[in-house]
Structure formats: structure tokens, C-alpha cells
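Have a look at the structure below before the remarks.
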Amino acid sequence: MNAPVSGPDTTAHNPWVSGRFLSARPGLRLICLPQSGGGAGAFSSWRPHLPPGVELVSVELPGRGGRGDEPLPDDFDKLADQLLDGISAELRAPYALFGHSFGALLAYELTRRIERAALPAPRALLVSASRAPHVPPVKRVSERSDEALLEWLLKNDGMPRELLKYTAFVTYAMRAIRADLVLAETYSVERPDPVGCPLHAFGGSHDPVVPPTDLDAWRGYTTADFSVTVLPGGHAYPHTDPRAMFSAMAAALPEQLSAPAASRPVSTNPPQR
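Its first residue numbered 142, the sequence shown is counted upward by one per residue in the working numbering.
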């Protein structure tokens, strides 16, 4: 049974945190970073399915949502530095970081910076539907024309087809998507630089962008527990079935999360060191 949801938090405004939702008696803060072009609203479908004891915190990056009047990020390292400054106050409570696609790369870099700054470490780093940083992207889709990029997004769960009737919104969203794709496709590291917290990688069973077989490349990015979990769906699988996503998280973090009823992962590799 899902915990009662009390609604958005009303604490002091922080532009980096535009979405905060509380379950009853939150004990773990789940800080979520969205896919390319995504804003804090990317995780709104998760709200009704929050397990007991979870506080959902959605990150709002510049150039979208409530920060649409700000310039879009054009430097990955600068964005990671600014993000650390922007959410450092959120790290005082027990927390985990979840990043989907582009957000997974950003969550990893954020974790590195948190450790270097000797700030409270996350209970876990949860990366979803993303290549490992040392693995080069297969395609540079950010260099495609607007028409070709839009077709690629529609084909790969990057944009719902029903949004096409909102021409102005699609044009607006494409700016942020392309900017984030440029950052994601040009970001890389020579070799894995492992973090000290557990790292759990998740992916969709039919993801054409990041096939499940690519997820094991994250193994070298932690000195602690590591696991891979594959869930039904494509690149947007976490939003297709939030219950399955939370069940998978609960399996990876049994001491911090309790699983919602119903859905279970397709396959889970046990944590390894």
C-alpha cells in the first residue's frame, strides 16, 4: 500500500529544486535528475507511487520549466559544479541520487564532487538507461537536423507522439533536448573513477538507445556494492511503470526502501563488489 502523500513541500524556494513531494514519515530523500531536455516535472508520474518513507526531490536544470528564462547549460563540468552548489543543502538528510539517461551521467559527476568536497555521501547512486562515462556514444544525434532529431526522439521514447500537436512546445523543448544531448555526447572520462557508495544500474529490456548489455560497464565505477536490474520497456521505462521502478529500487536498497505492491523486475543481478 502506498504511503499517503502530503503534497509539495513549502520550504524556502530553491531554483534547483522545483519538485518536492513527501510521503508519510520520509526517511530517505530521493534526488532525481532527468533525461535530456527534462525538467522537474519529468518525475511527476512517480508521485502517486511513492513507497513509505520516501521524499521525492526533482532537480530543475537551467533553461527549462520554471527556469526557462535562464541560458541553457553549455559546459558539463560547470553545470555539475553549479548543481553541487545548488543542492548542497539537500544533502543533510539521508539521500540517494537517481539519474535517468543524461541525468545518470550528471548524477555520477555530482557524486564525485560530493566526495571531493567531503559532503555527506549518498546511500546509493542509481543510474538508469545510460552508457558508462568511458564508453563513447554510438551516435551523435545532437548533430542531426531538427526534423531528423525529432524523428529519432519519437522512435526512441524521447518524446510522446501526442505532443506533436503542440508546435510551440515542441520547438521550445527541442532546444533544451539538443543542448543536453550535446553535453551528454561530448562528456567522457578516460577510465572509470570509482565512487565509494553503492552503485545500481537500471535499464529497459527493449531500450534501443542503451541496450541492457551495456549496463555492466558501470561495474568499475564503485568500490562498494554493484548490481544491474533490467525492467520491461524501452528507454522511458521508469515513467511507463513507476511501481516496477520503485520495486527495483527497493530490491537494491532493502534497508532504505520498502517495495510497493505488484510489479517486480524482469531480472536482477545480486549486488557484487
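Don't be surprised by glycine CBs; every beta carbon is placed ideally from N, CA and C.
Only a predicted model underlies this, so the values are computations on that prediction, with no experimental measurement involved.
What's the C-alpha gap between Ser329 and His241?
Between Ser329 and His241, the C-alpha separation is close to 17 Å.
How would you write the range of the alpha helix (DSSP H) that Glu256 sits in, first residue to last?
Note, Glu256: alpha helix (DSSP H), Phe243 to Arg257.
Could you check the C-alpha separation between Val311 and His347 for me, to the nearest Å?
One alpha carbon belongs to Val311, the other to His347, and they sit about 25 Å apart.
Have a look at the DSSP bridge pairing and note the partners of Phe239.
Phe239 is bridged to Cys173 and Leu267.
Pro261 and Leu224 closer than 7 Å at C-beta
Here Pro261 is not near Leu224, since their CB atoms are 7 Å or more apart.
Once DSSP output is grouped into helix, strand and coil, what is the label at Thr364?
In this structure, Thr364 counts as coil in the three-state DSSP scheme.
Glu422 lies in the beta strand (DSSP E); which residues open and close that run?
This structure cannot settle anything about residue 422, because the visible part of the chain is limited to 142 through 414.
Reduced DSSP category for Gly345 - H, G, I as helix; E, B as strand; rest coil
Strand at Gly345.
Helix, strand or coil, according to DSSP, for Glu196 in the structure here?
Note: Glu196 maps to strand in three-state DSSP.
Report all residues from its chain with a CB closer than 7 Å to the CB of Trp187; omit the five preceding and five following residues, and keep chain order.
The residues are Leu197 and Pro383.
Own chain residues within Cβ distance below 7 Å of Val336, not counting five before or after:
Closer than 7 Å at the Cβ level, and outside the excluded window around Val336, lie Thr252, Arg253, Glu256, Leu266, Tyr362 and Thr363.
How many Å lie between Val323 and Ser283 at the Cα?
C-alpha separation (whole angstroms): 6 Å.
Straight-line CA distance for Lys296 to Arg302?
Lys296 and Arg302 have their alpha carbons spaced roughly 9 Å apart.
CA-to-CA distance, Asp321 to Leu398, given in whole angstroms:
The straight-line gap from Cα to Cα measures roughly 31 Å.
Please report how far the alpha carbon of Pro235 lies from the alpha carbon of Ile172, in whole angstroms.
Approximately 11 Å, taken between the alpha carbons.
Spatial neighbours of Val407 in its chain, beta-carbon cut-off 7 Å, leaving aside the 5 residues before and after
Unreliable positioning characterises Val407 in this predicted model, as indicated by a pLDDT of 43, which lies under 50. The coordinate reading is nonetheless provided below. Excluding sequence neighbours, Val407 sits near Ser346, Val371, Leu372 and Pro373.
Kindly give me the distance between the Cβ atoms of Leu238 and Pro274, rounded to whole angstroms, as I take these residues to be in contact under 8 Å.
With 8 Å as the limit, Leu238 and Pro274 do not qualify as a contact, their Cβ atoms being about 15 Å apart.
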